[in-house]
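Heads up: the structure comes next, in structure tokens.
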Amino acid sequence: MRTPNKRFLGGKAGVINCDLGMSKLFDIELERLTGRPSYSGAVRGAAGGQGGTFFLETFGCQMNDHDSEKVAGVLLARGYRQVETPEAASLILYNTCSIREKAAQKVFSRLGEYREKQSEGKIIGVLGCVAQQEGEDIFKRAPWVSLVCGSASYSKLPEMISQLEAGNPRVIGLDTDTDETFETPVTRRDNPWRAYLTIIEGCDKACSYCVVPFTRGPERSRASDSILREVRELGELGYSEVQLLGQTVNSYADPTSRKMRFSELLLAVADVQGIRRVRFTTSHPSDFTLDIVEAIERQPKICDHVHLPVQSGSTRVLRAMQRTYSREEYLEKIAMMRGAKRPVAITTDIIVGFPGETESDFDETISLLQEVQYTGLFAFKYSPRPNTPSLSMKDAIPEEEKGRRLAVVQEKQREIQAAGNAELAGKTFEVLVSGKSRRENQWTGYTTSHRMINFASQESELLGTYVQVRITGAGPNSLVGEHAA
Ligand code: 5AD
Ligand code: SF4
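462 is the number of the first residue of the sequence shown in the numbering used here; add one for each residue after it.
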């Protein structure tokens with residue numbers, strides 16, 4: 462179970478981000494979602510793995526969550542069974558995150574806990590960004606690990622599992638030069654209504670603080686016909702919401718001769734039978750173009766929520782971060798969205814305490830929050846990461862000062878959200894019901910703008926349905942309402 466991220470002020474999904482847990486709001490406990498596998502094309506007969514069991518723990522962003530769904534699919538198709546504890550498993554897999562130092566540190570402490578498991582004959586594997594970053598060093602630091610597979614090498618994972626099954630004591634996959642994306646015949650999806658779909662992997666931007674281009678490799682877009690085939694299957698299986706994923710999802714470049722633009726892909730996905738909502742995340746400001754806004758205007762199934770990380774409100778800091786836009790250029794993108802016929806909820810990511818960030822740079826971030834009026838944000842203290850250009854930058858900001866700036870950002874955003882949410886009282890929204898409280902007649906769900914609503918209804922079963930909810934109250938982090946129809 463992941464620990465909730467107290468710094469998040471906006472609701473979980475809809476944003477690619479790290480260390481996110483389910484935010485627990487009020488006393489609503491989401492019911493455990495029971496997923497089902499979705500099949501794509503022919504499934505190979507169950508190979509090795511008969512009788513084998515696996516435990517898979519995931520840290521990090523939605524890309525990691527979805528990669529784990531695919532890894533689980535690969536194993537299920539080979540005849541493995543998924544279990545809930547490491548004790549019950551013959552194969553223990555840990556899908557890791559390295560975006561900030563704290564996340565990466567967690568990996569080694571968790572691996573320490575698994576140490577004695579190997580002597581019980583269990584196979585232990587490390588997947589994801591830490592695997593890519595640390596590579597063979599993981600075998601040195603934790604010799605009880607048998608499998609190391611980086612997130613850029615997942616297309617090789619089935620082959621690597623075959624080698625383990627054949628008795629190979631150590632297998633490693635660290636390629637980043639593959640232009641294949643990770644497509645699996647079976648994906649074991651955790652949520653029965655919302656399906657994630659990676660449409661672009663890796664990242665070709667070079668933000669000076671970020672490990673992603675190293676851990677996830679260069680940008681690779683998936684073929685539009687393959688994406689649309691999977692969406693049609695999802696529609697037939699009863700999924701009504703799809704979320705298109707990518708580190709820079711709107712940089713999508715269709716590798717087929719069709720050359721669909723990202724906005725055309727959004728419209729095509731929305732046209733698929735059974736699909737009622739299309740989300741996408743994360744967008745990069747430099748590639749955010751008017752045709753995306755026009756697609757949102759034209760097609761109500763495309764959700765009116767855009768996650769557009771700004772990172773800093775100061776052009777000077779943005780330059781040092783190599784973010785490829787200035788404050789003014791970013792604000793032009795915001796103006797473009799604010800000009801849309803349908804209101805669009807905008808959320809963002811902020812990094813405080815980047816090397817050399819002065820008090821006046823920081824003030825510009827606060828004034829940007831005031832100007833944009835985001836509906837949610839994730840704020841992070843800058844964390845120096847291996848191999849990144851910003852690692853060697855001078856004028857590091859002391860941890861204490863980073864903490865102070867983080868608190869100022871959060872307080873500012875809390876005020877903005879409290880005021881913004883209060884204005885919604887009395888309005889009615891369509892909600893996809895995704896959770897049921899232990900408290901009687903209490904439900905929870907999300908609007909298309911990705912606002913979370915806790916609401917009362919006398920209906921006996923609402924999970925997975927779309928209902929109208931009237932807002933009766935609001936806090937900074939969520940809304941309270943009642944079933945209206
Ligand atoms: N330090 C702090 N935050 C970071 N992020 C990415 N790299 C770092 C880092 N080195 C944040 C950015 C990004 C989000 C996913 O994580 O805000 O948008
Ligand atoms: Fe990292 Fe920048 Fe790529 Fe986002 S756009 S994944 S912050 S390098």
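Yeah, the Cβ is synthetic: ideal placement off N, Cα and C, and Gly gets one too. Predicted model, so just to flag it, every value in this text is computed and none were measured.
Inset, instruction - Could you pull out every residue in the same chain whose Cβ sits closer than 6 Å to the Cβ of R931, ignoring the five residues on either side in sequence? - result: T889, G942, E943 and A945
Legend entry - Where the alpha helix (DSSP H) through I952 begins and ends: Residue 952 is absent from the model: the chain starts at 462 and stops at 946.
Inset, instruction - Decide if A565 is buried, meaning its Cβ has at least 16 other Cβ atoms within 10 Å, or exposed. - result: buried
Legend entry - Proximal residues to I660 (C-beta, below 6 Å), its chain only, five neighbours per side dropped: R683, I688, L705, G707 and Y713
Legend entry - Length of the line joining the Cα atoms of G513 and Y541: 5 Å
Inset, instruction - Could you tell me if N938 is buried or exposed, where buried requires 16 or more neighbouring beta carbons within 10 angstroms of its beta carbon? - result: buried
Legend entry - Proximity to R649 [Cα-Cα], best of R866, D526 and S910: D526
Inset, instruction - Say whether the region 587-595 touches the region 541-552, bearing in mind that this needs 3 or more beta-carbon pairs closer than 8 Å, one atom from each stretch. - result: no
Legend entry - Nearest to C522 (by Cα), restricted to the options I622, E530 and S614: E530
Inset, instruction - Pick helix, strand or coil for F681, following the three-state DSSP scheme. - result: The sequence shown places Arg at residue 681, not Phe. R681 falls in the strand class under three-state DSSP.
Inset, instruction - Would you list the one or two residues that DSSP bridges to L726? - result: DSSP lists no partner for L726.
Legend entry - Cutoff 6 Å; reference V568; Cβ partners in own chain excluding five residues on either side: T557 and V591
Legend entry - Alpha-carbon to alpha-carbon, E595 and E680: 21 Å
Inset, instruction - Pull up the distance between the alpha-carbon of A840 and that of S910, whole angstroms please. - result: 20 Å
Legend entry - Residue ranges of each beta strand (DSSP E) within the region 558-618, 3 or longer: 584-589 and 608-610
Legend entry - Cβ pair count under 8 Å reaching 3, the region 784-804 against the region 741-757: yes
Legend entry - Run of the beta strand (DSSP E) containing R846, from where it starts to where it stops: No beta strand (DSSP E) contains R846, which DSSP labels as neither H nor E.
Legend entry - C-alpha gap between D488 and E641, whole angstroms: Its pLDDT being 23, under 50, D488 is placed unreliably by the model, and the measurement read from it follows with that caveat. One C-alpha to the other measures close to 44 Å.
Inset, instruction - Rounded to whole angstroms, what's the CA-CA distance from V928 to T849? Just pull it up for me. - result: 47 Å
Legend entry - Option nearest A879 by Cα separation, candidates E901, T836, I914 and K897: T836
Inset, instruction - Please find out if some non-hydrogen atom of the ligand SF4 comes closer than 7 Å to the beta-carbon of A667. - result: yes
Legend entry - Distance cut-off 7 Å: C664 Cβ against heavy atoms of the ligand SF4: yes
Inset, instruction - Go ahead and label P617 buried or exposed: buried means 16 or more other beta carbons lie within 10 angstroms of its beta carbon, across all protein chains shown. - result: The residue you asked about is not Pro; residue 617 is Lys in the sequence shown. So K617 ends up on the buried side.
Legend entry - Beta-carbon proximity check, V805 vs K863, cutoff 8 Å: no
Inset, instruction - Buried or exposed for D651, please, with buried defined as at least 16 other CB atoms from any protein chain shown within 10 angstroms of its CB. - result: buried
Inset, instruction - State whether the region 757-769 contacts the region 719-732, with contact taken as three or more CB pairs (one from each stretch) at a distance under 8 Å. - result: yes
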